Structure formats: structure tokens, C-alpha cells
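The next block holds one structure in the form of C-alpha cells; read it before the comments.
Numbering (the working numbering), first residue to last: -9 to 119.
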């Protein structure tokens, strides 16, 4: 299966459990790997046959800026749901990181993998990575 990548998307949003984290937006780094066939787009050279990564990034950006989850786990799950329900992809890997959350770490975060089920909904976990 082919991969569509959005790497190091930096969005500012409110996230965290500490009161100070709920007052000012902070940088959130998002990495997306969406799995779908790129062959139709490659053969036709037509954007309408492609998974539009610019639109994926824009929908994720709008969601992060509008939402206020406390946990990166919650945000990753919400992003996976958007991608699997709004785009023609079969599986997604979503990584959400908060830079500078810990004094001696570049970032903290989570990475999840979710799959589309038959009928358009998605699984809440994926046993195979």
C-alpha cells in the first residue's frame, strides 16, 4: 500500500492538563502517514484522482485550532477519525507531539495507527502496525 505523508505540521492550539497550558496556545507538531493507492493519480496525472494532502493538512489545522483537548492521545484519535472519514484512505498513522513539554526532552507525544472498517467507520485500535 502506498503512503501519503504530511511531516512536521506545526499548529498552535490549546492542549494540556495544567492551567497554564489552557491559557495560551502552544506549538503542536503533527505527522501523518495515510495509506491509500497513489496509482490512479500517478497514471492520470490528475489531482482529482489523488488524496489531497493540502486539504488533509488544512482540516487538521482547523480542528486543532478550534478544539481544546487535554491529552495528546485524544487529539491523535480525533485527527485519525477526521482522516478516515473525510478522505479515501484505508489506514492512518498519526503522531502528535508537544515540543518543550518537559525540560530535558525535545518533545513528548503519542503515535497511533487506525484502520477504516467496512462501511466507512474506523477501528479504535489497530493490532498490526
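The beta carbon of each residue, even a glycine, is placed where N, CA and C say it ideally should be. Remember, predicted model here, so these are calculated numbers, not experimental data.
Own chain, CB closer than 8 Å to residue i, minus 5 neighbours either side, in chain order
i	result
residue 97	19, 87, 88, 89, 90 and 91
residue -7	23, 24 and 25
For residue j and residue i, the rounded distance between their alpha carbons
i	j	result
residue 14	residue 60	13 Å
residue 58	residue 7	10 Å
residue 65	residue 17	13 Å
residue 11	residue 69	20 Å
residue 36	residue 78	15 Å
residue 2	residue 49	14 Å
residue 54	residue 75	17 Å
residue 51	residue 72	11 Å
residue 83	residue 106	12 Å
residue 94	residue 30	46 Å
Own chain residues within Cβ distance below 7 Å of residue i, not counting five before or after
i	result
residue 62	5, 86, 88, 99 and 100
residue 41	-6, 24, 26, 77, 78 and 79
In DSSP terms, what residue i is bridged to
i	result
residue 71	Paired residues: none, contrary to the question.
residue 102	84
residue 23	-5 and 83
residue 51	Answer is none; residue 51 lacks a bridge partner.
residue 64	None, per the DSSP bridge assignment.
residue 1	18
Collapsed DSSP secondary structure at residue i in the structure displayed
i	result
residue 30	helix
residue 14	coil
residue 93	coil
Contact set for residue i: own chain, Cβ-Cβ below 6 Å, skip 5 residues either direction
i	result
residue -3	21
residue -9	25
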